[in-house]
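Residue numbering for the sequence shown follows the numbering used here, beginning at 3 and increasing consecutively. In this text, a Cβ means the ideal position worked out from N, Cα and C, and glycines have one as well. See structure below.
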Amino acid sequence: MNQEQVIDHLRASEALLEGHFELSSGNHSDRYFQCARVLQFPQRAAALAQALADRAEEFNGGPALDAVVGPAMGAVVWSYAVASAFGCPSLFTERFNGEMTLRRGFRLERGARVLMVEDVLTTGGSAREAMAALKSTGVEFVGVGAIVNRTGGNPYKDLGLPLIALCDVDVQMWEPGECPLCAAGEKAVKPGSRTAAAEA
Ligand code: ZN
3 MNQEQVIDHL RASEALLEGH FELSSGNHSD RYFQCARVLQ FPQRAAALAQ
53 ALADRAEEFN GGPALDAVVG PAMGAVVWSY AVASAFGCPS LFTERFNGEM
103 TLRRGFRLER GARVLMVEDV LTTGGSAREA MAALKSTGVE FVGVGAIVNR
153 TGGNPYKDLG LPLIALCDVD VQMWEPGECP LCAAGEKAVK PGSRTAAAEA
């Protein structure tokens, strides 16, 4: 699947909205992602997961995997879809008392080859936090797999990890007073309120 086909899945499911948006931060943007909307369709989720599996040669040390791990909530379904494509277990980390941690009796073997996944990488911070939380388990991370990379690069370079993203998308953001779309007289839409979908 090429990048255009990935974007088609996102547009068709309204996981990618294009226009003029007011974000929960108060900033305005020209695009808005809510990957839960594409992942609500099992066939689309499976197709995207397979596209990631097709690139498994790019993982450090080759395609063999022992587990896929994603940070909750955003990556829970994505992790499950990717793990299905690989035929391995899917785990998730979650915040407990403010700290990212592995709970629910999930266990990883020392030396296990783990792919970390995230739906949309905005800064890449939550996958990084999840990897830090798993450090004491002694697993080996083979890379990070994302549906959308908004960072414009690989935020895990310093960790020696490849980033395998199905599409790279640039999102323009402005403070409301500096938004050219407002200046052009276009009204900003709050995507959460219009679609009743919560922002991750
Ligand atoms: Zn605006």
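- The closest CA to that of THR125, considering only LEU117, ALA87 and VAL173, is found on VAL173.
- Residues GLU120, LEU123 and ALA167 of the same chain have their beta carbon placed closer than 6 Å to that of ALA148, with the five preceding and five following residues left out of the count.
- The region 112-166 contains, as complete beta strand (DSSP E) runs of 3+ residues, the segments 115-123 and 142-151 (chain order).
- Nearest Cα to GLY63 within the set VAL116, LEU50 and TYR34: VAL116.
- Take PRO178, set aside five residues on each side of it, and the residues of its chain with a beta-carbon closer than 6 Å to its own are HIS30, in chain order.
- Annotation: the continuous alpha helix (DSSP H) that includes ALA85 extends over 78-88.
- Taking 7 Å as the cut-off, the C-beta of HIS22 counts as close to a heavy atom of the ligand ZN.
- At a cut-off of 7 Å, the beta-carbon of LEU19 does not count as near the ligand ZN: no heavy atom of the ligand is closer than that.
- The continuous alpha helix (DSSP H) containing GLU6 extends over residues 5-14.
- ARG39 has its alpha-carbon roughly 13 Å from the corresponding atom of ILE9.
- Three or more beta-carbon pairs separated by less than 8 Å link the region 88-106 to the region 127-137, which places the two stretches in contact.
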